[in-house]
Amino acid sequence: MYRVLVYGGCGALGRTVVSTFKRANFSVISVDFSSNDEANSNIILVPGEGFEPTYNKVNAALTDAKLDAIFNVAGGWAGGNLHDAKLIHNVDLMWSQSVHSSVVTAAIAANHLKEGGVVTLTGAAAATGPTPGMIAYGMAKASVHHLVKSAAAPGSGLPANAKINAILPITLDTPMNRKFNPDADYSTWTPLSEIADKFLAWATGKESPENGSLVKIQTEDNKTYWTPV
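Residue numbers (my numbering): 7 to 235.
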């Protein structure tokens with residue numbers, strides 16, 4: 007049986023990913039601050055626990071059986087420029103949500119991913135350029151992009167023939183996004199099922215981006231395009 011770990015398995019995208027893999031008869035491990043009842047097992051994190059303790063908890067909870075794929079769909083968003091009163095707070099928050107979780111994921115992959123396995127992180131299309139109105143978010147996601155490139159390079163510590171990549175979405179069609187953007191053009195938002203289905207194809211070797219790929223996800227007129235950048 008295929009084994010997959012979903013970091014952020016209780017968010018909107020995470021739940022869709024867990025459901026998709028369960029329907030495909032994968033054994034699924036969810037990592038998040040709460041339990042996903044669909045998953046075969048859960049690693050429950052504690053808010054404010056810290057970067058190193060989080061890594062130690064996830065690493066210790068995994069068995070000797072190797073993982074076929076790891077998908078990190080954790081993260082968040084914060085706006086604000088250099089004058090924003092919450093700039094420092096938001097930088098710390100975005101660093102924790104995106105960079106810390108991505109480093110934990112990559113380090114877990116080094117220890118527990120099988121040879122030839124797949125690990126996917128979540129970046130952002132916006133972070134391929136300047137983000138003056140959301141500096142904390144842009145910095146964090148650009149760091150995730152750098153991590154992918156570094157982990158894909160020889161000598162990074164990933165297992166032999168493993169591939170690491172990042173998805174770079176623009177806007178995901180989540181209930182929260184719809185709540186705060188009721189008048190948006192949803193035909194340009196990417197359905198969560200589209201991403202989950204693509205992850206399943208990557209995990210089973212039916213499709214596979216090049217090692218180190220940053221894959222932009224853009225939806226237009228309800229059609230989604232996946233483009234390496």
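Heads up, the beta-carbon is just placed ideally off N, CA and C, and yes, glycines get one too.
{"Asked": "Inter-stretch contact at 8 angstroms, needing at least 3 Cβ pairs: the region 212-226 / the region 129-138", "Found": "yes"}
{"Asked": "Boundaries (first-last residue) of the alpha helix (DSSP H) holding Ile201", "Found": "Leu198 to Ala209"}
{"Asked": "Cβ distance (whole Å) where Val12 is taken to contact Gly20 below 8 angstroms", "Found": "6 angstroms"}
{"Asked": "Where Ser40 falls, given that 16 or more other Cβ within 10 Å makes a residue buried", "Found": "exposed"}
{"Asked": "Short CB-CB distance (under 8 angstroms) between Ser214 and chain D", "Found": "Looking at the structure shown, chain D is missing, and only one protein chain is on hand."}
{"Asked": "Enclosing beta strand (DSSP E) for Ile76 [first to last residue]", "Found": "Leu73 to Asn78"}
{"Asked": "Nearest-angstrom Cα separation, counted from Asp189 out to Ala116", "Found": "44 angstroms"}
{"Asked": "Sequence-distant residues of its chain with Cβ nearer than 7 angstroms to His192 (five each side left out)", "Found": "This sequence places Tyr at residue 192; His is not what is there. For Tyr192, where only same-chain residues beyond five positions count, the Cβ hits under 7 angstroms are Asp179."}
{"Asked": "Endpoints, the alpha helix (DSSP H) within which Ser107 is located", "Found": "Ser107 to His118"}
{"Asked": "Selection from Ser219, Pro197 and Pro181 that minimises the alpha carbon distance to Asn228", "Found": "Pro197"}
{"Asked": "Which of helix, strand or coil DSSP assigns to Ala168", "Found": "coil"}
{"Asked": "Candidates Thr137, Met140, Thr194 and Val150, of which the one nearest Val125 by Cα", "Found": "Val150"}
{"Asked": "Cβ contact (3+ pairs, closer than 8 angstroms) linking the region 136-144 and the region 168-183", "Found": "no"}
{"Asked": "Three-state class that DSSP yields for Lys185 in the structure shown", "Found": "helix"}
{"Asked": "Contacting residues, own chain, Cβ-Cβ under 7 angstroms from Ala30 (five flanking each side not counted)", "Found": "Leu206"}
{"Asked": "Distance between beta carbons of Leu174 and Val235, contact taken as under 8 angstroms", "Found": "7 angstroms"}
{"Asked": "Three-state class that DSSP yields for Asp222 in the structure shown", "Found": "It should be noted that the sequence gives Lys, not Asp, for residue 222. Reduced to three states, the DSSP call for Lys222 is strand."}
{"Asked": "Rounded C-alpha distance that separates Ala75 from Gly85", "Found": "32 angstroms"}
{"Asked": "CB contact flag (Val34, Ile49, <8 angstroms)", "Found": "no"}
{"Asked": "Three-state secondary structure assigned by DSSP to Leu11", "Found": "strand"}
{"Asked": "Residue from Val23, Phe32, Thr111 and Thr60 whose Cα sits closest to the Cα of Met7", "Found": "Phe32"}
{"Asked": "Cβ neighbours of Asn217 in the same chain (closer than 7 angstroms, five flanking residues each side left out)", "Found": "Ala158, Lys169 and Ile170"}
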